[in-house]
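Okay, so here's the structure we're looking at.
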Amino acid sequence: MSIRTLTMPPESLPQGDPADESSAFELVDMATASTRTAAAKPAADASALFRPARWACAAVLTGHSSWVRSVAVSACGNFIISGSGDKTVRVWNLSTGHTMQIIEGHRAWVRAVAVSPDRTCCASVSNDSTIQLWDFATGRVLGQLGGHSSWVRAVAFSPSGKYLFSGGQDYTICVWRLSDQTLIHQFNGHTHWVRAIAVSYDGTTLISGSQDKTIRLYRLKGRGSNHVLSGHTGEVLAVDASPNNWLLASSSADCTVRFWKLNSGRETTCFKAHSAPVNAIKFSPDGKLLATASNDSTIRLWDMEQGRLINILQGHEGWVWGVDFAPDGKTLVSAGWDGTIRIWREQ
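If you want it as structure tokens, here you go:
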């Protein structure tokens, strides 16, 4: 393992061009919009006052011997968890970049990782068709869940930390009760691989994205209906819910990002975010920023209030597969095909 700190002159920092119409959107109601691609600029007076923060790469973490598919930042903001094609999960100290744990146990590629809200355990899913649960501090195996019949591609904890959700190439989503590591429910409906899952911040809605180009909303508690959301013309690669439980964001191999109302499933916005498939999407903790990562080797930061691209973060060599914000909202972690994890910070 090594950590490489980058020192870049300010003029070389990659910046999005907020004046570019193709790099803007607005949260309109798609039922009344005249076009399905939003490209509206804020008013001129608002533009004059808009000064987006600059972001730069602060460090590059190396240690994995293969690509890194997924990253997650712990709720305390002190640790990064990564899953790789080298079959390992690593726990890193976010401040120092030091490897805290190298967790071995999977027999195939690790596709996704997640950390419990109380930071007591982390979960990893793999092409070996299992979900592994690990003690966060020691790396000790807490359990192995084996309900999928094919590769497992996505994993998420409930906000309470009592349940775990996993999605796989068997087209199913499994719901696990963690107190006794029991499979308590299985959602069916997708007609192809489940590529992504997320849970709303209030814990009421499970969100899944699939190779079948649809998104499904499953109501876990409270009132509301399940929904099937169609619109993407390519497989859905990532989903996330806004912290205020109002919006769902999805990204796809069709290079677009779409916003949907979480309560009704109505699409509100669609815009082209990258020039290649968009592999990952994440709201900042305050919901003011959206990060997207793509096969075009970049991470893009979007201002949700202004509807603008504010930064293009470059540095990864090859596809970027994972992004996550730290709780402070001023630190972003990314991972990709080049086997590195990069830490980006607001300047």
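For the sequence shown, my numbering assigns the number 288 to the initial residue and increments by one for each residue that follows. Ideal Cβ placement from N, Cα and C applies to all residues, glycine included.
With at least 16 other beta carbons inside 10 angstroms of its own, Lys374 counts as buried.
Under the 10 Å beta carbon count, Gln593 is surrounded by 16 or more other beta carbons and is classified as buried.
With a cutoff of 8 Å on beta-carbon distance, Ile568 and Ala536 are scored as near each other.
Under the DSSP definition of a beta bridge, Phe444 partners with Leu451.
Going by beta carbons, Ser369 and Trp379 fall inside the 8 Å limit. In the DSSP annotation of this structure, the continuous segment of the beta strand (DSSP E) that includes Cys409 starts and ends at Cys408 to Ser413.
About 12 Å separates the beta carbon of Trp421 from that of Val412, a gap too long to meet the 8 Å contact definition. Take Gln388, set aside five residues on each side of it, and the residues of its chain with a beta-carbon closer than 6 Å to its own are Val378 and Gly426, in chain order. Per the coordinates, the alpha-carbon of Arg595 lies some 35 Å from the alpha-carbon of Tyr458. The C-beta distance from Arg356 to Trp608 rounds to 5 Å, short enough to fall under 8 Å. Where Glu604 is concerned, there is no enclosing beta strand (DSSP E), because DSSP gives it neither an H nor an E. Take the alpha-carbon of Ser517 and the one of Lys500: they are about 7 Å apart. Under the criterion of beta carbons closer than 8 Å, Leu348 and Thr627 qualify as touching, at roughly 6 Å. For Met591, there is no enclosing beta strand (DSSP E), as DSSP marks it with neither H nor E. By the CB criterion at 8 Å, Ser539 and Ala580 fall outside the cutoff. Taking C-beta atoms as the reference points, Phe423 and Arg398 fail to come closer than 8 Å.
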